[in-house]
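Accompanying notes for the structure given below.
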DNA sequence: CCCAGTCTTGACCGGCGGGTCAAGACGTGG
DNA sequence: CCACGTCTTGACCCGCCGGTCAAGACTGGG
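Chains as they are written, first to last, in this note's numbering: chain Y, 28 to 267; chain S, 28 to 267.
Pasting the structure below:
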């Protein structure tokens, strides 16, 4: 996951962080980060004790506070790294030449797939967490996805492919669908291969947005992310 | 809210509950319930201390445990009551004579409206809460809504009004949309009169489900809940 | 008036868990 | 070998908060 650089971007402020780390130091820090990620994913932030993290990482409790300001800081760093990865993935999946509605679909499919494949890493900011204390940490990142989506939606409306509704509302619907279905998948309430769920979510969103049957059909038909040909029927889509 | 009966239904088990309550007793209990509801709504379950609840109700801490097993029990009782009300509202809103797709729309609109109007009461099982401890309490209730919806969807598929996809997945999409938009509204990210949000959500869901433009148009056109004439055009919507 | 059951109080308990700290170990350069 | 910065340890501290309890107050029936 996060390269040391990526980590440094996130973990600034008035913490013990600005220190220079030796090779060993970086490894230790990463071990703690990994352990925290696994535990947060498994039982959630509130249910994870610092003592659990350090035990899992095989170090003493004090060391945790050598590398991190506090529990929240680890969470923030983890979130930053994962969010960054997700955006990369989306960027890779979206074909700038495609129509707006198709671009939305590509982004949606990539997101669902990403979340499904990295469920452990992703789950701790599930549904942008309802914990009041964490919401503030998550909010800005979520905002970015929203405005990205809204931009595509706006373009789609101008092109007549998308319903003439408030673009922000529609964008909310899109990111909501992604979050919701991913959540259900992660919590085992939907038992489907990621690929199929991603495809379904793509179709769902396209229909919700499309100005009419034709626009929908057109967006469904043209290729999914990374140019993999995907037939409009359900089924048989497998990707990595 | 909850009639004493409704309350009794929920609060059984091996608690201090089976006791017979005097008139005064019922009032006290209700006061605690009200205070708890307000506080849960305002800051969430985890952030609400028992001490805060009793202070708000103007009673001593011990009294809380005279009427309730523990903190969770209050939550459960509150949730049961609200959920019950929501179902009543849905039942009132849905016209059994309407087409399946219209019925879904009516249910969706009624739900969004209900949640918007009772935001305080409702918010504490926001997004069916991600807190692992509470999920188990919420799960069964949520399941009911899901299967209700799925039944309508199934009917709609058979009637050719709804896409031939997995009914359960579609139902998930429907309740997800309701939960998501309500959540955004409640947390102030969508600043719209409830009625407009309800209408929007209805349109969104109908489009996502509809088999084709015609089915969608037909479901959008026919009256909303309680026969209130509602024009299909959208009104000036702005989002916070 | 007394008794018994209902109700009410607030001091107290216990443990949990985030965060601190003084004491080193280790490694590197002088 | 020393000095110094980095790293590591685990015992300890302390506030918080859910839950308990012994001691009453209030009320209605006999």
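The beta-carbon is built from N, C-alpha and C at its ideal position, and this holds for glycine as well.
Beta-carbon proximity list for residue i, same chain, < 7 Å, skipping 5 on both sides
| i | result |
| --- | --- |
| residue 91 of chain Y | 59, 77, 80 and 81 |
| residue 242 of chain S | 128 and 188 |
| residue 230 of chain S | 247 |
| residue 149 of chain Y | 109 and 142 |
| residue 56 of chain Y | 48 and 94 |
| residue 233 of chain Y | 128, 132, 243, 246 and 247 |
| residue 31 of chain S | Confidence at residue 31 of chain S is low in this model, with a pLDDT of 34, below 50, so its placement is unreliable and the value that follows should be read with caution. Cβ neighbours of residue 31 of chain S beyond the five flanking positions: 53. |
Residue i versus residue j: straight-line alpha-carbon distance, rounded
| i | j | result |
| --- | --- | --- |
| residue 20 of chain Y | residue 94 of chain Y | There is simply no residue 20 of chain Y to check, as chain Y begins at 28 and stops at 267 in what is shown. |
| residue 222 of chain Y | residue 147 of chain Y | 17 Å |
| residue 219 of chain Y | residue 49 of chain S | 53 Å |
| residue 226 of chain S | residue 47 of chain Y | 56 Å |
| residue 144 of chain Y | residue 186 of chain S | 37 Å |
| residue 6 of chain Y | residue 122 of chain Y | Nothing in the structure corresponds to residue 6 of chain Y, since chain Y is present only between 28 and 267. |
| residue 191 of chain S | residue 178 of chain S | 14 Å |
| residue 133 of chain Y | residue 180 of chain Y | 13 Å |
| residue 203 of chain Y | residue 158 of chain S | 19 Å |
| residue 135 of chain Y | residue 211 of chain Y | 16 Å |
| residue 71 of chain S | residue 240 of chain Y | 43 Å |
| residue 115 of chain S | residue 228 of chain S | 20 Å |
| residue 99 of chain Y | residue 52 of chain Y | 20 Å |
| residue 236 of chain S | residue 213 of chain S | 25 Å |
| residue 238 of chain Y | residue 193 of chain S | 23 Å |
| residue 64 of chain S | residue 97 of chain S | 15 Å |
| residue 170 of chain Y | residue 112 of chain Y | 16 Å |
| residue 175 of chain S | residue 101 of chain Y | 42 Å |
| residue 61 of chain S | residue 73 of chain S | 17 Å |
| residue 197 of chain S | residue 215 of chain S | 27 Å |
| residue 124 of chain Y | residue 124 of chain S | 47 Å |
8 Å Cβ shell around residue i - same chain, five flanking residues per side excluded
| i | result |
| --- | --- |
| residue 66 of chain Y | 75, 79, 80 and 83 |
| residue 126 of chain Y | 183, 186, 188, 245, 246 and 249 |
| residue 199 of chain Y | 173 |
Outcome for residue i when other beta-carbon atoms lying within 10 angstroms are tallied against a minimum of 16
| i | result |
| --- | --- |
| residue 244 of chain Y | exposed |
| residue 119 of chain Y | exposed |
| residue 117 of chain Y | buried |
| residue 161 of chain Y | buried |
| residue 69 of chain Y | exposed |
| residue 34 of chain Y | Residue confidence is low: residue 34 of chain Y scores 34 on pLDDT, short of 50, so the model does not pin down where it sits. Its coordinate-derived value is still stated next. Result: buried. |
| residue 89 of chain S | exposed |
| residue 40 of chain S | Its pLDDT being 36, under 50, residue 40 of chain S is placed unreliably in this model, and the value from its coordinates should be taken loosely. It counts as exposed. |
For residue i: DSSP bridge partner residues
| i | result |
| --- | --- |
| residue 237 of chain Y | Y/189 |
Contacts around residue i, its chain only, beta-carbon distance under 6 Å, and the 5 residues preceding and following it disregarded
| i | result |
| --- | --- |
| residue 195 of chain Y | 177 |
| residue 168 of chain S | 110 |
| residue 140 of chain S | 221 and 225 |
| residue 137 of chain Y | 116, 117, 120 and 252 |
| residue 85 of chain Y | none |
| residue 201 of chain Y | 176 and 232 |
Ranges of the beta strand (DSSP E) found wholly within the segment 160 to 224 of chain Y, counting only runs of at least 3: Listed in chain order, there is nothing to give.
Alpha helix (DSSP H) runs contained entirely in the segment 59 to 120 of chain Y, provided each spans 4 or more residues: 77 to 84, 88 to 94 and 98 to 120
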